[in-house]
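Here's the structure, in structure tokens; my notes come after.
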Amino acid sequence: MKCIACNVRDAKGNTELCDPCRLKKWRKDNPDKIKAYLKRTVDHRQKHRDDNKEKIRIQSDIRRYGIAREIIFNRDNWKCQDCGMGIEYHIKKWGKSFDIHHKDGNGIYSKKPNNNPKNLITLCCSCHCARDNKLKPKIKRGEKLIRDESEYRFPELRKLVNKRAEKLESVKAAKKIIAKEMGVSYWTIESKYFERKKCVLVATGEGVKNGN
57 MKCIACNVRD
67 AKGNTELCDP
77 CRLKKWRKDN
87 PDKIKAYLKR
97 TVDHRQKHRD
107 DNKEKIRIQS
117 DIRRYGIARE
127 IIFNRDNWKC
137 QDCGMGIEYH
147 IKKWGKSFDI
157 HHKDGNGIYS
167 KKPNNNPKNL
177 ITLCCSCHCA
187 RDNKLKPKIK
197 RGEKLIRDES
207 EYRFPELRKL
217 VNKRAEKLES
227 VKAAKKIIAK
237 EMGVSYWTIE
247 SKYFERKKCV
257 LVATGEGVKN
267 GN
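The opening residue of the sequence shown carries number 57 in our numbering; numbering runs sequentially from there.
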């Protein structure tokens, strides 16, 4: 006999319901028992966390860095390696300990994490964000949006656009295609294509000549 609720699975026992439908009905008829069970589960998990904070933290460090973070902190004398901030001031300012940064960007979420201690460095929250903001465009889009010391801030991007434009016979069309390939807006490519370094323009006098 088919289940009277879903009419798909076979009914079990004297309830005329299949197991999934019987369980669904029991949950609907016993909300207080469900709430009590969930509360016991949450309380048990929280108690486990409270009783094993240090163990859980070390396990988390090993998953993320392959090593306990204190080893890196000790090596770096418990100071941010970019700005020199000490641990006491960092805890007072940010309410937590230092961050560990992967120099090459290959952390826990990369395809090939690199947890070699030489690739790990102690940073404060602010310096960690600054390094990541510089590193992420390179990881995501390669060298095309990385600045260098030439007149134009993004010469590799200009080369790519110009090369593609030769085939398409349109710089605008090339920019649109490249923007789609890189996962950015057209205006991101448009602005970076023309962006120059002001210091270079001033130093060479081109800024005055061009009226910039």
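The beta-carbon is built from N, C-alpha and C at its ideal position, and this holds for glycine as well.
- Assigned with DSSP and collapsed to three states, Asp155 falls in strand.
- Secondary structure of Asp66 (DSSP, three-state): strand.
- For Leu94, the enclosing alpha helix (DSSP H) starts and ends at 87–107.
- Listed as beta-bridge partners of Thr178 by DSSP are Ile156.
- Distance from the CA atom of Asp107 to the CA atom of Ile114, rounded to whole angstroms, is 14 Å.
- Non-local C-beta neighbours of Ile123 in its own chain, meaning closer than 6 Å and more than five positions away in sequence, are absent.
- Straight across, the Cα-Cα distance linking Tyr165 with Cys59 is about 45 Å.
- The alpha-carbon of Lys135 is positioned some 12 Å away from that of Ile147.
- Taken through DSSP and simplified to helix, strand or coil, Lys167 comes out as coil.
- Here the stretch 171–185 lies against the stretch 150–162, with 3 or more beta-carbon pairs under 8 Å apart.
- Within 10 angstroms of the beta-carbon of Arg125 lie 16 or more other beta-carbons, which makes it buried.
- Between Ala235 and Ser241, the gap from beta carbon to beta carbon is short of 8 Å.
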